[in-house]
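Residue numbers (the working numbering): 8 to 579. Even for Gly, the Cβ is constructed at its ideal location relative to N, Cα and C. The structure displayed is predicted, hence computed values, not measured ones. Since the structure comes first, as structure tokens, the remarks are kept for the end.
What follows is the structure in structure tokens.
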């Protein structure tokens, strides 16, 4: 039965309602002065407040208003006559009882409002629970967003603890983390300060909780009180917890994801945790596991990248040193062979001339290989410099054709040029373009049988008119505007379509008996690709096996913005 407070200073009213309350076994109190009214309201849970509108000892309007500030969902009934003229007093009340009501009707009105009070309290509680759930969901969402925004283990653990604190308002947490500071760490977050003795007790409890998760022979990390570092964060150091903390309600959970274990957490709170609290606790602890795994993988990648970068620097230094050391003796060898072949050291027999020329060719081949290795090393290190200027591609084509004219004739190969008249100027390094074209013509001669043709062709093309080989479409789609396109077209052995992209891979030799026979480092085309891309251009090839190949490169005409000065920057 509900508890009732009757506010009246009229003895007749008091006696009548006291008899009614006792008859129906209501728990009630009667007050007539402000002090006792407010003391009762502050100290008791009241279901119904009945106010005599004719009371003189207090102001009924002010009294009702003040009661409403102290009680949630108060049910206030007004005792009044039919001719009451205080409409405002009636408006702020929940109902009324007329003085001429029968006893049964009065009890019926009271019971009805007690039921309303019960329903109102239930609704209020449901609304509170809903608001609490919405708040926790919002915290969970924000915490999840924070998880997604970092791969720092320390921040992830802190975000987890902040999320738990905002939603559960814990008093103390003990979190064992692996990877927090590259060693096992016990992180204690506490509302109040804790003594050294309590710290040690929490430490031992955390270790035992951790070990209880595994069998003795299956513990991922061996920890004890000597190697487990403690990090404490205290919110309010002016107060202290004592060992009664172990009497608080608590929850414990591992922080893991499948076979990946990241630690464990125990949380203490003086007030009991609800079922929803437990669900939220488990959810946020599970949610931090995935980013912790990603953070571990990221850290591993960073570590491996640092090792790879170190190895790359060592490799680069080694290649540079070895290449220079090889070039040093090649110069005097080359000079000595030239002196011998000139006859200044005496006439040579035909066999001697044959072997000297063989040695000269191999010295030249070795020099070219060393130069290729040094070039690719410079390119990868971003140290290849360029001397750009406005130029005509004709001068480069004519120089390369002249250099290879004799070589082509030695192989009984017809080398010709087909150049479009009045090509616009390009902004380029003529030496580097000559290096590219030299490589393409040299390859064409190597793989073209005797009696066949090689053509060096130049023309002006818009990017929309360039026929795009599907294997190079992604690269060619980046072209935009007008380009000078240079092509080296041969009637050689050709390349299988599936090997077209491999032609530009470093140290790659396409599987073919002829390819293996001519040898080489496999660096010529990769170097050419890097040099052309440094000019904001593109290089590609078309080929059909046993019918020949066409290697093309496109350089933007001079109205395009000038390219940058090094390959490293040009490729960004």
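- Between the alpha carbons of residue 81 and residue 144 lies a distance of about 31 Å.
- Close CB contacts of residue 170 within its chain, under the 6 Å cut and outside five residues either way in sequence, are with 146, 150, 291 (chain order).
- Uninterrupted beta strand (DSSP E) stretches at least 3 residues long and entirely within the segment 62–131 occur at 82–87, 102–105, given in chain order.
- Within a 10 Å sphere around the beta-carbon of residue 336 sit fewer than 16 other beta-carbons, which makes this residue exposed.
- The beta carbon of residue 246 sits closer than 6 Å to those of 199, all from its chain and outside the five residues before and after it, given in chain order.
- Sequence-distant Cβ neighbours of residue 430 in its own chain, meaning closer than 8 Å and more than five residues away, are 399, 400, 401, 465, 466, 467, 491.
- The segment 193–211 and the segment 171–180 touch, with three or more beta-carbon pairs separated by less than 8 Å.
- Taking a 10 Å sphere around the C-beta of residue 350, we find fewer than 16 other C-beta atoms and assign the residue as exposed.
- Counting C-beta pairs with one atom in each stretch, the segment 224–232 and the segment 121–133 have fewer than three that are closer than 8 Å, which means they do not touch.
- In the structure shown, residue 337 adopts helical secondary structure according to DSSP, grouped into three states.
- Annotated three-state conformation of residue 431 is coil, per DSSP.
- Residue 136 and residue 121 have their C-alpha atoms spaced approximately 23 Å apart.
- Beyond the five residues adjoining it in sequence on each side, residue 496 comes within less than 6 Å, by CB distance, of 462, 557 in the same chain, given in chain order.
- Comparing alpha-carbon positions, the option among 416, 489, 386 lying closest to residue 535 turns out to be 386.
- Closest option to residue 14, judged by alpha-carbon separation, among 26, 51, 59, 35: 59.
- DSSP places residue 440 in no beta strand (DSSP E) but in the uninterrupted alpha helix (DSSP H) bounded by 437–453.
- Taken in chain order, the complete beta strand (DSSP E) segments of 3 residues or longer contained in the segment 332–415 are 396–398.
- When the beta-carbon positions are compared, residue 363 and residue 344 come within less than 7 Å of each other.
- A Cβ-Cβ contact shorter than 7 Å links residue 264 with residue 296.
- The alpha-carbon of residue 390 is positioned some 28 Å away from that of residue 369.
- The Cβ atoms of residue 255 and residue 273 lie no closer than 7 Å to each other.
- In the displayed model, residue 197 falls within a strand according to three-state DSSP.
- Residue 77 and residue 49 do touch by the CB rule: their CB atoms are close to 7 Å apart, below 8 Å.
- CA-to-CA, the gap between residue 288 and residue 192 works out to about 21 Å.
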